[in-house]
Amino acid sequence: MAGGVARSYRGLSIPLRKPAFLLVPALVVYGSLFVAAVIYFFAMSFWSVKSFRIVPQFTLANYHSVLTVNVKPFLITLAVAFLVGMTATVIGFLYAWIIRFRAGRFGSALLFIALLTLFGGYLMKIYAWKTMLGGNGAINSALISLGIIDSPIESLLYSPLAVVISLSHFLLPFTILSSYASLRGIDDAEIDSARDLGATPWRILLDITIPRARSGLLAGFSLAYLISTGDYLTAQFVGGKMALYGQLIAPQFGTFFNWPLGAAMSFSILATSTMIISLVAFCLSRIGRP
Amino acid sequence: MKPMNVFWAFVKVILVVVLLSPLVLVVLFAFSDRAISNFPITGFSLRWWRDMFEFSSFWGAFKNSMIVGAWVGVLTAVIGTLASLGLLMLPQRRANLLLLALALPLMLPPLFLGIMLLVWYLFLGLQLGLMTVVFSHLLIALPFFIIVVYARLQSFDLIAVDAARDLGASPLRAFMTVTLPIIQPVIVGAALMAVALSLDDFILASFTIGGGNTLPIMVMSTLRTSVTPMTNAVGTLLIALSISFMLVALRLTRYRG
Chain A
5 MAGGVARSYR GLSIPLRKPA FLLVPALVVY GSLFVAAVIY FFAMSFWSVK
55 SFRIVPQFTL ANYHSVLTVN VKPFLITLAV AFLVGMTATV IGFLYAWIIR
105 FRAGRFGSAL LFIALLTLFG GYLMKIYAWK TMLGGNGAIN SALISLGIID
155 SPIESLLYSP LAVVISLSHF LLPFTILSSY ASLRGIDDAE IDSARDLGAT
205 PWRILLDITI PRARSGLLAG FSLAYLISTG DYLTAQFVGG KMALYGQLIA
255 PQFGTFFNWP LGAAMSFSIL ATSTMIISLV AFCLSRIGRP
Chain B
21 MKPMNVFWAF VKVILVVVLL SPLVLVVLFA FSDRAISNFP ITGFSLRWWR
71 DMFEFSSFWG AFKNSMIVGA WVGVLTAVIG TLASLGLLML PQRRANLLLL
121 ALALPLMLPP LFLGIMLLVW YLFLGLQLGL MTVVFSHLLI ALPFFIIVVY
171 ARLQSFDLIA VDAARDLGAS PLRAFMTVTL PIIQPVIVGA ALMAVALSLD
221 DFILASFTIG GGNTLPIMVM STLRTSVTPM TNAVGTLLIA LSISFMLVAL
271 RLTRYRG
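Protein sequences appear in the order of chains A and B. The first sequence runs 5 to 294 under the numbering used here. The second sequence runs 21 to 277 under the numbering used here.
Given below as structure tokens:
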């Protein structure tokens, strides 16, 4: 452990009196590209478009149309995102749990694979799933050449299942890493003493491991959930007829040219997602409490 | 205990296969001689690679991706290093809060960031192009960089810096000759991660570039217009680039989640 020395201001020997100066460039980037942009975008969600010009006049019409038009895709997106969030979180937790408790020296190799798959291209992953799930794609052709099935399973691709599989796979590295970050902090002695006192593996998982991993699980779930609600390419490639909300938002900034409506749609689904995530956080906080 | 070990080994293999198979298949099919990406692979061929190098927009897209990546890497390294050192000097609680706020753009769907930035750039009157893409990537690369570097710096013992100061080095000299060399591998590594992040991004780039091409944008347009295994070759190139950056980065930073 580095102890207090590494944290002493003098230890860094930065030729400045106040640490705040060092943060200025980052805060300028953050403020001018993010905070200001969010404020402007939020304000825009209350404006309107008349003959291809944006009219900065307060109106609630955009939010009204969010509540009345395309309600079904809105709800479907929330449901799909929930499914993706759950799938990615559960599998990610399992993977992280194996790294921490069951992999021994292979743990670092497994962790390394997770870190590597964090990259490797969002587009390429969707494309790969499209070629894999297709009628003459890799999964079907492999199953046929192994003699497990006679004719390809056509329903794999262009289905909600394909969307959930592709998105969960894409988000898995994130949920693995956030789960692992919190599992790493668990003391072996705690688990051992619980076991010595007669706790079953199941009780240990519910009473020690999951409560300790709560923040990591929640962070992973939130990220997977939020990213899925804004996805507009996965369903386009592998979802068939199913339309996610993102696919309706994106064209507002292209062919439809209705930025204010697009802004209102974005903020609506973001706000709803935040509420759902808070609900999940509340439920999660109940696990492992007597 | 034995059957249990077999069970966990099996689960491990399944998970790794699921995680890796899409990427492995893209690479495999990039070298297959068949015009359709499926099994069985009958022969080895480099024709998709030749197609890629002869593709009209490939070199332009490649150059743009490299320009954007280089700018993102350098800007992130400079701004991010300053910020990480600044955070290190703050009390832990306040630093963590600030870090959480800075990480917000990473939590948002790239679609939202993309459209928001597009609207904002146009409001500011900026000319859309490679520079606006650099700004967009900076917004996600910077928090990523700061999280990694801040976490690693916390574990460093910088007592040698105190020794240098006690021996009469000026603060600037001590920083340049002691602090910087110690933290340099982490900075270079994390900057490479930022470049990998930039190379991978399609959504932010496609909304904020205005006209041009980057490699992922080119991939998208080939996916839209034609089904050719050349896409596998471009994909393999992208995977190879970002993963080799990551390999070097993970080695340099020793960052593990």
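Cβ coordinates follow ideal geometry from the N, Cα and C atoms, glycine included.
Check whether the Cβ of residue i lies closer than 8 Å to any Cβ atom in chain A.
i                   : result
threonine 245/B     : no
proline 201/B       : no
valine 139/B        : yes
isoleucine 34/B     : no
isoleucine 259/B    : yes
methionine 72/B     : no
valine 38/B         : yes
methionine 250/B    : no
leucine 220/B       : The amino acid at residue 220/B is misidentified as leucine; the sequence shows aspartate. Cβ-Cβ to chain A under 8 Å: yes for aspartate 220/B.
valine 88/B         : no
methionine 151/B    : no
serine 262/B        : yes
alanine 103/B       : yes
phenylalanine 132/B : yes
valine 239/B        : yes
proline 23/B        : no
leucine 212/B       : no
So is residue i in contact with chain B if we call contact Cβ pairs under 8 Å?
i                : result
glycine 89/A     : no
proline 215/A    : no
isoleucine 253/A : yes
tyrosine 67/A    : no
alanine 107/A    : yes
valine 9/A       : In this prediction, valine 9/A scores a pLDDT of 37, lower than 50, which makes its location untrustworthy; the coordinate-derived value is nonetheless stated afterwards. Closer than 8 Å to some Cβ of chain B, the Cβ of valine 9/A qualifies, so yes.
isoleucine 157/A : no
asparagine 140/A : yes
proline 29/A     : yes
threonine 204/A  : no
serine 289/A     : no
glycine 125/A    : yes
leucine 79/A     : no
aspartate 200/A  : no
glycine 234/A    : yes
leucine 137/A    : no
leucine 176/A    : yes
lysine 129/A     : yes
threonine 276/A  : no
serine 163/A     : no
In the DSSP assignment, what are the bridge partners of residue i?
i               : result
isoleucine 58/A : Val53/A
serine 52/B     : Phe64/B
Thinking residue i and residue j are a contact (beta carbons under 8 Å), I'd like their distance in whole angstroms, please.
i                : j                : result
methionine 72/B  : methionine 250/B : 5 Å
alanine 154/B    : valine 88/B      : Here residue 154/B is valine; the residue named in the question, alanine, does not match the sequence. Their Cβ separation, rounded to whole angstroms, is 6 Å, which keeps valine 154/B and valine 88/B in contact under 8 Å.
glycine 149/B    : isoleucine 229/B : 7 Å
leucine 212/B    : alanine 260/B    : 14 Å between Cβ atoms; not a contact.
methionine 269/A : valine 59/A      : No, methionine 269/A and valine 59/A are not in contact; Cβ-Cβ is about 18 Å, not under 8 Å.
asparagine 66/A  : leucine 265/A    : 5 Å
alanine 41/A     : leucine 137/B    : 6 Å
threonine 204/A  : leucine 82/A     : Their Cβ separation, rounded to whole angstroms, is 36 Å, which puts threonine 204/A and leucine 82/A out of contact at 8 Å.
Near residue i, what residues of its chain come up, given a Cβ to Cβ distance below 6 Å and the 5 sequence neighbours on each side ignored?
i               : result
leucine 115/A   : Ile103
tryptophan 69/B : Ala253
serine 52/B     : Ile61
Quick check: does the Cβ of residue i come within less than 7 Å of any heavy atom belonging to the ligand GDP?
i                  : result
phenylalanine 62/A : With respect to small molecules bound, the structure shown includes none, and the ligand GDP cannot be examined in it.
What residues in its chain sit with their C-beta under 7 Å from that of residue i, if we drop five residues either side in the sequence?
i             : result
alanine 254/A : Tyr236
serine 186/A  : Arg216, Ala217, Ser219, Gly220
valine 84/A   : Pro164, Val167, Val168, Ser232, Leu248
valine 92/B   : Val154, His157, Leu158, Ala161, Ala214, Val215, Ser218
Output needed for residue i: all residues of its chain with C-beta closer than 8 Å, excluding positions within five of it in sequence on either side, in chain order.
i                : result
isoleucine 208/A : Ile195, Ala198, Arg199
* Spell out a yes or no on whether the stretch 122 to 140 of chain A and the stretch 213 to 225 of chain B are touching, meaning 3 or more CB-CB pairs, one atom from each, closer than 8 Å. => yes
Is the stretch 134 to 145 of chain B in contact with the stretch 196 to 209 of chain B, if contact means three or more CB pairs nearer than 8 Å? no
query = Can we say the stretch 223 to 236 of chain A touches the stretch 177 to 194 of chain A, given the rule of at least three CB pairs closer than 8 Å?
reply = yes
Does the stretch 74 to 86 of chain B come close enough to the stretch 230 to 239 of chain B to have 3 or more Cβ pairs within less than 8 Å?
yes
May I ask you to verify whether the stretch 158 to 169 of chain B touches the stretch 114 to 124 of chain B, counting CB pairs closer than 8 Å and requiring at least 3? yes
Exercise. With contact counted as at least three CB pairs below 8 Å, one residue from each stretch, are the stretch 77 to 97 of chain A and the stretch 21 to 29 of chain B in contact?
Worked result: no
Query raised in the report: Are at least three pairs of beta-carbons, each pair with one atom in the stretch 240 to 259 of chain A and one in the stretch 189 to 199 of chain A, less than 8 Å apart?
Result: no
| field | the stretch 259 to 266 of chain A / the stretch 131 to 144 of chain A touching (three or more Cβ pairs under 8 Å) | value | no
Three or more C-beta pairs under 8 Å: does that hold for the stretch 90 to 98 of chain B against the stretch 129 to 136 of chain B? no
Is there contact here, the stretch 157 to 164 of chain B with the stretch 28 to 47 of chain A, by at least three beta-carbon pairs under 8 Å? yes
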